[in-house]
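Under the numbering used here, the first residue of the sequence shown is numbered 16, with each subsequent residue one higher. Glycine is no exception: its CB is placed at the ideal position from the N, C-alpha and C atoms. Source: prediction; values computed, not measured.
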Amino acid sequence: MSKNFNKELMHSCNFQASIAGEDHMIKKTISSILLTTVLITLFGACASSQVKAARRGDLESLQEFLDDGGNINESEKDGITLLMYAAQNGQNEAISFLLNRGATISLRDSRGYTAFLYAVTSRYESSAELLLSRGAAVNHLLSTGDSALILASGSENLSMVKMLLARGADLNQSNNSGWSALTIALSKDAQRASNLSELTRHLISKNAKLSIHSDVVSKIAFSAAASGNVDVINYLLDLGFDREVKDSAGWSLLMKSLYQSAAGGEGPNPVALLLMEYGALPEGGSTQGAEIAFTAAENGAPEILEILMAYGLSPIIRDDQSNTLLMAGIKHPDVVKLMLDKNISVNEKNQQSMTALLLASQLNQKDSLTLLILAGADLNQSDATGRNALFYTARLKDVEMSRKLLVAGISVYAVDKNGNTALHAASEAGVPDTVRLLLTAGIYVDSSNAQGETPLMASARNPQYADEIRQILITAGAKVPVEEVAPVVKPVHIEKTPVQETPVATPIAVPVVDPTESQETSTELSIRYGWPSINPSAVQGWNNSDKLAGYALLKIGSAGSSGWFYQNQIQIPMKGVNADSFKQNLSSVVAPGGDCRALLTLPTKKGNALVAEIMAVPDQNGRVVLYFDSFSYEK
C-alpha cells in the first residue's frame with residue numbers, strides 16, 4: 016500500500032478530529048477512509064495475483080488474468096476493484112490498460128470511493144487527472160457529502176486543489192456538516208500560530224464563499240483564538256464576524272484569548288489586543304473572568320489581572336478552596352505587589368487555615384515574604400496544625416527566610432499541636448545554620464513534643480547532618496538521653512541554694528549563643544553565657560509589685576570549692592538579655608580545671624533577687640557554655 020496514501024489519510028483524520036470534534040458525520044467519513052486503507056493492508060498479504068499485478072502495474076500479469084477469463088471489474092472484500100488498486104498506487108499504465116479493456120470507471124467500493132477518489136486521497140495528481148480525462152466525475156460525493164476538492168483541501172494538497180478547480184470542481188460545495196474547501200483550509204490555518212496558508216489564499220482568490228455567521232466559522236475562530244493565530248481572526252473580523260460570539264460553555268473569543276495569555280504568564284496576546292481594538296470588552300465579573308484571574312495569578316500575569324479588574328473583577332474573590340488571588344500569586348512578587356496595592360486583607364486564611372505569609376514561607380518565596388512583612392502581615396498566625404511561618408522556613412536550606420521573620424518579630428516560642436517547635440523542624444530537616452540561628456534567638460533547646468521527643472532526638476532522622484546538629488545542640492546545653500551517657504565518676508557534691516523549677520509550659524530557657532563558633536585551643540577559660548527574656552511572674556513566689564533592677568551578678572568557681580575565681584556585674588535590659596551580646600573570652604582567668612559551678616543573681620528593686628545556680632563542664636578547648644534555665648525568687 017502507498018505510504019503517501021497512509022500519510023494522507025492520517026493527516027485528514029487528524030484534521031477532522033481537531034476542527035470538528037463535535038461533528039459526527041465528518042469523523043465517520045474519515046474513519047471510513049482509514050478503515051478502507053487498513054483493510055487493503057490486511058488483505059494485501061493474501062491478495063490474489065491480479066490484485067498484486069494492479070498494484071505493481073504489471074500489465075503482462077493483468078493480461079494473463081483476462082486471457083484466462085478473469086472479470087476486469089472483479090472486486091476484493093469491501094468492493095475494491097483492480098482499477099481502484101491501480102489508482103491507489105499511481106499506476107497510470109495499469110489504469111489506462113484496465114480502462115481500455117472495459118473497466119468501469121464509476122464503480123464504488125463499500126465506502127463510496129471511486130478509483131478517482133483513491134487517486135486524489137493518495138496524492139497521485141497525474142492519476143487523478145488521467146481518470147478525469149477518461150470520464151471520472153470531478154464532483155462525485157461520498158455519503159458524507161465530501162468531494163474530491165474537500166478531501167484535497169483537508170490534506171492541504173495545493174497542487175491537487177488547483178488541478179481540480181481547473182477541471183471544474185465545485186469551489187463552494189459543502190459536506191453534510193457544512194464544511195467547504197475554504198473552511199477546511201481555514202481550520203487548518205487556525206491550528207497554527209500565525210498566517211494564512213497559500214492554499215487558503217488561493218481559495219480566497221478564486222472567490223470562495225464563506226458563511227461568516229455559521230457554526231463552522233465560529234469553530235474556526237475559537238480554534239484560532241486558542242492557537243493565537245491573529246491572521247485568521249483578522250480575516251474573519253474584516254468580513255464582519257461577530258466579535259462577541261460565545262461557545263457552548265459561555266466563553267467569548269476575547270475571554271478565551273485572555274485565558275491563553277494568562278496560562279502562558281504573559282500580557283494580552285495579539286488576538287486579545289486585536290479583539291479589543293475591534294471593540295470586544297473583557298467580562299471581568301463573570302465566572303470565566305474569575306477562572307482567568309486565578310490562572311493569571313498562578314502563572315504570573317499581573318497585566319491580565321489589571322485588565323480584568325478594570326472591567327468588573329473583584330480583587331477579593333476566592334476559589335473553591337477559599338484561596339485569594341494574593342495566595343494564588345504567591346510565587347510571583349509582581350502579582351503579590353499588585354494585590355497588596357489593591358489593599359486586600361493580607362491575613363485572610365484559606366480552607367487549610369493557610370495565610371499568604373504561611374504559603375510564602377512554605378514555598379520559599381523570599382521576595383513575596385518581604386512584601387507581606389512590609390504590608391503588615393500577622394507573623395504569628397498559625398495553620399490548622401498550629402505552626403507559624405517559622406516552622407516552614409526552619410526546614411528550608413536558605414536560612415535567610417527564617418532570619419527575615421525573626422528580625423520582623425515572629426515568636427520563636429511557638430509550639431504546634433503536637434508540641435513541636437521550629438527547632439524540631441530545623442533539626443529534623445538537617446539545617447545546621449537555622450539551628451544556630453534559632454538557638455541564638457532564644458528558642459528552648461530541650462523542648463519535648465507530645466511523644467517526648469526533643470530536637471536532639473529529631474536530628475537523628477537526617478543522617479547527613481545529624482552529627483553536626485547534635486554537636487550544636489549538646490554544646491548549647493541539650494540533655495543527652497540517659498542511655499547514651501557513659502558511666503562517669505560521681506562529681507563532688509556541692510550544696511546549692513534550692514531552686515524552684517519553672518513550669519514546663521513557660522518558655523523561659525534559652526540557648527545562649529551560636530555555640531559552633533570556632534576558637535583556638537587554650538588553657539584559659541572561654542565563657543559564654545546568657546538567659547531568656549525572663550517572665551518573673553512564672554517563678555514561684557514572685558511578687559508582682561517587684562521589678563528587676565537592670566543588672567546581673569555572675570560568679571564562677573570550681574566544683575568542690577566555696578570560692579569564686581571569676582565575678583562580674585553586667586548591665587542588662589529590663590526584660591532580659593540578648594544572648595548574642597553576652598559572650599566573651601575571660602583571657603585573664605585560668606580555670607583550675609574540672610567542673611565549674613556558676614551562680615547568676617538578678618537583683619530586684621525591692622532588694623530581692625532571681626537566682627540560678629548550675630554546673631558546667633569545659634570542653635577540651637577550655638570552652639564552657641553557661642545555660643541558666645531555672646530561677647528561684649529569694650528574699
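Hey, Leu-405 and Val-427 are a contact pair by Cβ (cut 8 Å); roughly how many whole angstroms apart?
-> Along the sequence shown, read from residue 1 onward, the residue named residue 405 stands at position 390. Along the sequence shown, read from residue 1 onward, the residue named residue 427 stands at position 412. Their Cβ separation, rounded to whole angstroms, is 7 Å, which keeps Leu-405 and Val-427 in contact under 8 Å.
When the distance is taken between beta carbons, is Ser-267 closer than 8 Å to Glu-298?
-> Here residue 298 corresponds to residue number 283 of the sequence shown, with the count starting at 1. Here residue 267 corresponds to residue number 252 of the sequence shown, with the count starting at 1. Taking 8 Å as the Cβ cut-off, Glu-298 and Ser-267 qualify as a contacting pair.
Work out the CA separation of Ile-120 and Leu-114 for me, nearest whole Å.
-> The count along the sequence shown starts at 1 and reaches residue 114 at position 99. The count along the sequence shown starts at 1 and reaches residue 120 at position 105. Distance between the alpha carbons of Leu-114 and Ile-120: 7 Å.
Three-state class that DSSP yields for Lys-234 in the structure shown | Against the sequence shown, residue 234 aligns to sequence position 219. The answer is helix: DSSP assigns Lys-234 an H, G or I state.
Which residue comes first and which comes last in the alpha helix (DSSP H) that contains Glu-213?
-> Within the sequence shown, the letter at position 198 stands for residue 213. Where Glu-213 is concerned, the enclosing alpha helix (DSSP H) stretches over 213–220.
Along the alpha helix (DSSP H) that carries Pro-317, what are the first and last residues, could you check?
-> Along the sequence shown, one-based indexing puts residue 317 at 302. That run of the alpha helix (DSSP H) goes 317–325.
Specify whether the stretch 338–355 and the stretch 294–313 touch according to this definition: at least 3 beta carbon pairs, one from each stretch, less than 8 Å apart.
-> yes
In the structure shown, what three-state DSSP assignment does Val-414 receive?
-> As a working note, residue 414 is residue 399 in the sequence shown. It is coil, neither helix nor strand.
Since Pro-470 and His-439 are thought to touch, with beta carbons under 8 Å apart, how far apart are those beta carbons, to the nearest angstrom?
-> Taking the sequence shown and counting its residues from 1, the one referred to as residue 470 is at position 455. Taking the sequence shown and counting its residues from 1, the one referred to as residue 439 is at position 424. Contact flag correct, Cβ pair sits at about 5 Å.
Would you kindly report the start and end of the unbroken alpha helix (DSSP H) that includes Gln-206?
-> Position 191 of the sequence shown, counted from the start, is the residue given in the question as residue 206. Neither: Gln-206 is in no alpha helix (DSSP H) and is coded neither H nor E.
Pick helix, strand or coil for Ser-337, following the three-state DSSP scheme.
-> By 1-based counting over the sequence shown, the position of residue 337 is 322. In the structure shown, Ser-337 sits in coil (DSSP, three-state: anything other than H, G, I, E or B).
Use the C-beta contact count for Leu-251: other C-beta atoms within 10 angstroms, 16 or more gives buried, fewer gives exposed.
-> On the sequence shown, position 236 is the one that residue 251 refers to. Leu-251 should be labelled buried.
Using only alpha-carbon positions, find the residue among Asn-88, Ser-272, Val-422 and Gly-578 that is nearest to Ile-388.
-> Along the sequence shown, read from residue 1 onward, the residue named residue 388 stands at position 373. Comparing Cα positions, the closest option is Val-422.
For Thr-198, name the three-state secondary structure that DSSP assigns.
-> Locating residue 198 in the sequence shown gives position 183, counting from the first residue. Correct three-state label for Thr-198: helix.
Counting pairs of Cβ atoms below 8 Å between the stretch 123–132 and the stretch 93–107, do you hit three or more?
-> yes
Give the straight-line distance between the Cα atoms of Ala-239 and Arg-258, rounded to the nearest whole angstrom.
-> Locating residue 239 in the sequence shown gives position 224, counting from the first residue. Locating residue 258 in the sequence shown gives position 243, counting from the first residue. Going by the C-alpha atoms only, they are around 13 Å apart.
Relative to the C-alpha of Ile-95, which residue among Glu-171, Arg-70, Asn-338 and Glu-144 is closest?
-> Within the sequence shown, numbered from 1, the residue matching residue 95 stands at position 80. Minimum Cα distance to Ile-95 is reached at Arg-70.
Per DSSP, Val-682 is paired with what?
-> Limits of the chain in this structure are 16 at one end and 650 at the other, which puts residue 682 out of reach.
Short Cβ contact (8 Å threshold) for Ile-332 with Leu-320 = Start at 1 with the first residue of the sequence shown, and residue 332 comes out as number 317. Start at 1 with the first residue of the sequence shown, and residue 320 comes out as number 305. No, the Cβ-Cβ distance between Ile-332 and Leu-320 is not below 8 Å.
Cα-Cα separation between Ala-624 and Leu-454, rounded to whole angstroms = What you label residue 624 is simply residue 609 of the sequence shown in a count that begins at 1. What you label residue 454 is simply residue 439 of the sequence shown in a count that begins at 1. One C-alpha to the other measures close to 26 Å.
Got a sec, what are the start and stop residues for the alpha helix (DSSP H) Val-176 sits in?
-> Start at 1 with the first residue of the sequence shown, and residue 176 comes out as number 161. 173–181 is the extent of the alpha helix (DSSP H) around Val-176.
Rounded separation between Ala-295 and Val-231 - CA only = Locating residue 295 in the sequence shown gives position 280, where the first residue counts as 1. Locating residue 231 in the sequence shown gives position 216, where the first residue counts as 1. If you take the alpha carbons of Ala-295 and Val-231, they lie about 21 Å apart.
Pull up the CB-CB distance for Ala-371 and Met-324, whole angstroms please, since I reckon it's below 8 Å.
-> Counting from one through the sequence shown, the residue named residue 371 turns up at place 356. Counting from one through the sequence shown, the residue named residue 324 turns up at place 309. Actually they do not touch by this definition, with Cβ atoms about 18 Å apart.
Count the other C-beta atoms from every protein chain shown that fall within 10 angstroms of the C-beta of Met-589, then say buried if there are 16 or more, exposed otherwise.
-> Taking the first residue of the sequence shown as 1, we reach residue 589 at position 574. Its pLDDT being 45, under 50, Met-589 is placed unreliably in this model, and the value from its coordinates should be taken loosely. Exposed: under 16 other Cβ atoms inside 10 Å.
Helix or strand or just coil, what does DSSP make of Asn-249?
-> Here residue 249 corresponds to residue number 234 of the sequence shown, with the count starting at 1. Asn-249: helix per DSSP, three-state reduction.
Count the other CB atoms, across all protein chains shown, that sit within 10 Å of the CB of Met-283; report buried if there are 16 or more and exposed otherwise.
-> Working through the sequence shown from its first residue, we reach residue 283 at position 268. A small correction: the amino acid at residue 283 is Pro; Met does not occupy that position in the sequence shown. By the neighbour-count rule (16 or more Cβ atoms within 10 Å), Pro-283 is buried.
Measuring CA to CA, which of Phe-646, Gln-396 and Ser-442 is closest to Ala-473?
-> Counting from one through the sequence shown, the residue named residue 473 turns up at place 458. Residue Ser-442 is the option with its Cα nearest to Ala-473.
Where are the beta strand (DSSP E) runs, 3 residues long or more, that stay fully inside the stretch 138–162, in chain order?
-> none
How is the beta strand (DSSP E) around Asn-583 delimited, first residue to last?
-> Looking up residue 583 in the sequence shown gives position 568. Here the beta strand (DSSP E) through Asn-583 covers 581–586.
Along the chain, where does the alpha helix (DSSP H) that runs through Thr-449 open and close?
-> Stepping through the sequence shown from its first residue, residue 449 is reached at position 434. That run of the alpha helix (DSSP H) goes 447–456.
Residues that Leu-615 bridges to, as DSSP identifies them = Along the sequence shown, read from residue 1 onward, the residue named residue 615 stands at position 600. In DSSP, Leu-615 forms a bridge with Leu-569 and Ala-627.
Which runs of the alpha helix (DSSP H) fall wholly inside the stretch 267–320 and span at least 4 residues, in chain order?
-> Counting whole runs of 4 or more residues, the stretch 267–320 contains the alpha helix (DSSP H) stretches 268–278, 285–292 and 302–314.
From the DSSP output, in three-state form, read off Thr-44 for me.
-> Residue mapping note: residue 44 aligns to position 29 of the sequence shown, counting from 1. Legend: pLDDT at Thr-44 = 42, less than 50; position of this residue unreliable, value from coordinates given subsequently. In the structure shown, Thr-44 sits in a helix (DSSP, three-state: H, G or I).
Go ahead and pull the three-state DSSP assignment for Ser-90.
-> The sequence position of residue 90 within the sequence shown is 75, counting from 1. Ser-90 falls in the strand class under three-state DSSP.
Who are the Cβ neighbours of Arg-402 in its own chain at under 6 Å, not counting the five residues just before and after it?
-> Counted from its first residue, the sequence shown places residue 402 at position 387. Excluding residues within five positions, the ones whose Cβ falls inside 6 Å are Asp-431.
Tell me, please, which residues DSSP counts as bridged to Lys-261.
-> Mapped onto the sequence shown, residue 261 falls at position 246. Paired residue(s): Ser-267.
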